[in-house]
Amino acid sequence: MMRILVAISGASGVIMGIRLLEQLRGRTDLHLIITTTARQIITMETDYEVARVESLADHVYQNDCLSAPVASGSFLMDGMVVLPCSIKSLSSIAMCYNENLLTRAADVTLKEKRRLILGVREMPLHEGHLKLMLKLANRGAVICPPIPAFYSHPETISDLCDYFAGKVMDLLGIKHEVFKRWGN
Ligand SMILES: Cc1cc2nc3c(=O)[nH]c(=O)nc-3n(C[C@H](O)[C@H](O)[C@H](O)COP(=O)(O)O)c2cc1C
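The numbering used here numbers the first residue of the sequence shown as 1 and each following residue consecutively.
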């Protein structure tokens, strides 16, 4: 079973991270970080309680716990997804400013040449945001903003979230039938 770390940071669209957890649950050994602001946004934007979101994962870490297993490259992980990824978290990852567990785990993921997927959520983007994304793309991260596709005829927000979760699972190499593929 793959071991995946999902981090939900403080950007709009926390429901996408939650839906990804729901899809990965049972298919992966699932590790989770929810930042302080993301906890607030979960309450603001969704009907979920934070405790219910945490119950989806096998292992939950506090973002200030820098002694957690995922802070070390010797703890084997298959990949990490930050969804949604705030500009602040994008920035700290790009600068290797490893003062919280999310950033440290992302930095470890990059140095160990493992899959790092960043669902950067901001709009519009200025030059500074774009440069940070380019820096991380050059370092091996997958920049994967939660941009919807319409060829699958989504009817609900849930459809859009499932499509994005499926795209992330494709990038992680996890087989699924969450959405209908073009050409099938
Ligand atoms: C309701 C709400 C929505 C936000 N949406 C975004 C967003 O979409 N993108 C972003 O970069 N920051 C957004 N922010 C600001 C971040 O939460 C803030 O920069 C925070 O420091 C991010 O910290 P974190 O990445 O550690 O969670 C939002 C804040 C709030 C309260």
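Ideal Cβ placement from N, Cα and C applies to all residues, glycine included.
Reduced DSSP category for residue i - H, G, I as helix; E, B as strand; rest coil
| i | result |
| --- | --- |
| R52 | helix |
| R139 | coil |
| V6 | strand |
| D47 | coil |
| S152 | coil |
| H129 | helix |
| F75 | coil |
| K175 | coil |
| G17 | helix |
| S95 | Residue 95 is actually Met in this sequence, not Ser. Note: M95 maps to coil in three-state DSSP. |
| D64 | coil |
| P69 | helix |
Distance CB(residue i)-CB(residue j) smaller than 8 Å
| i | j | result |
| --- | --- | --- |
| G119 | V82 | yes |
| G10 | T35 | yes |
| N100 | D64 | yes |
| L5 | V53 | no |
| I41 | C161 | no |
| L76 | R3 | yes |
| I93 | D78 | no |
| I117 | M133 | no |
| L102 | D58 | no |
Exposure of residue i, with buried meaning 16 or more beta-carbon neighbours within 10 Å
| i | result |
| --- | --- |
| Q62 | exposed |
| F150 | exposed |
| L32 | buried |
| T192 | Residue coverage of the chain in this structure runs from 1 to 184, which leaves residue 192 outside it and unanswerable. |
| R121 | buried |
| K175 | exposed |
| K167 | buried |
| P124 | exposed |
For residue j and residue i, the rounded distance between their alpha carbons
| i | j | result |
| --- | --- | --- |
| T43 | C85 | 17 Å |
| K131 | I87 | 12 Å |
| Q23 | Y97 | 30 Å |
| L56 | R139 | 30 Å |
| P154 | G173 | 23 Å |
| R104 | L66 | 8 Å |
| R114 | L171 | 12 Å |
| P148 | T156 | 12 Å |
| E49 | T37 | 14 Å |
| S158 | V178 | 11 Å |
| L249 | I8 | Residue 249 lies beyond the residue range present for the chain, which begins at 1 and ends at 184; the question has no answer from this structure. |
| W182 | A165 | 16 Å |
| M169 | A51 | 24 Å |
| E45 | V60 | 21 Å |
| S72 | S89 | 19 Å |
Per DSSP, cross-strand counterpart(s) of residue i
| i | result |
| --- | --- |
| D159 | D159 is not bridged to any residue. |
| L188 | The question about residue 188 has no answer, for the chain in this structure spans 1 to 184. |
| H31 | L5 and H59 |
| R25 | T28 |
CB contact below 8 Å: residue i versus chain B
| i | result |
| --- | --- |
| M2 | Absent from the structure: chain B. Only one protein chain is present. |
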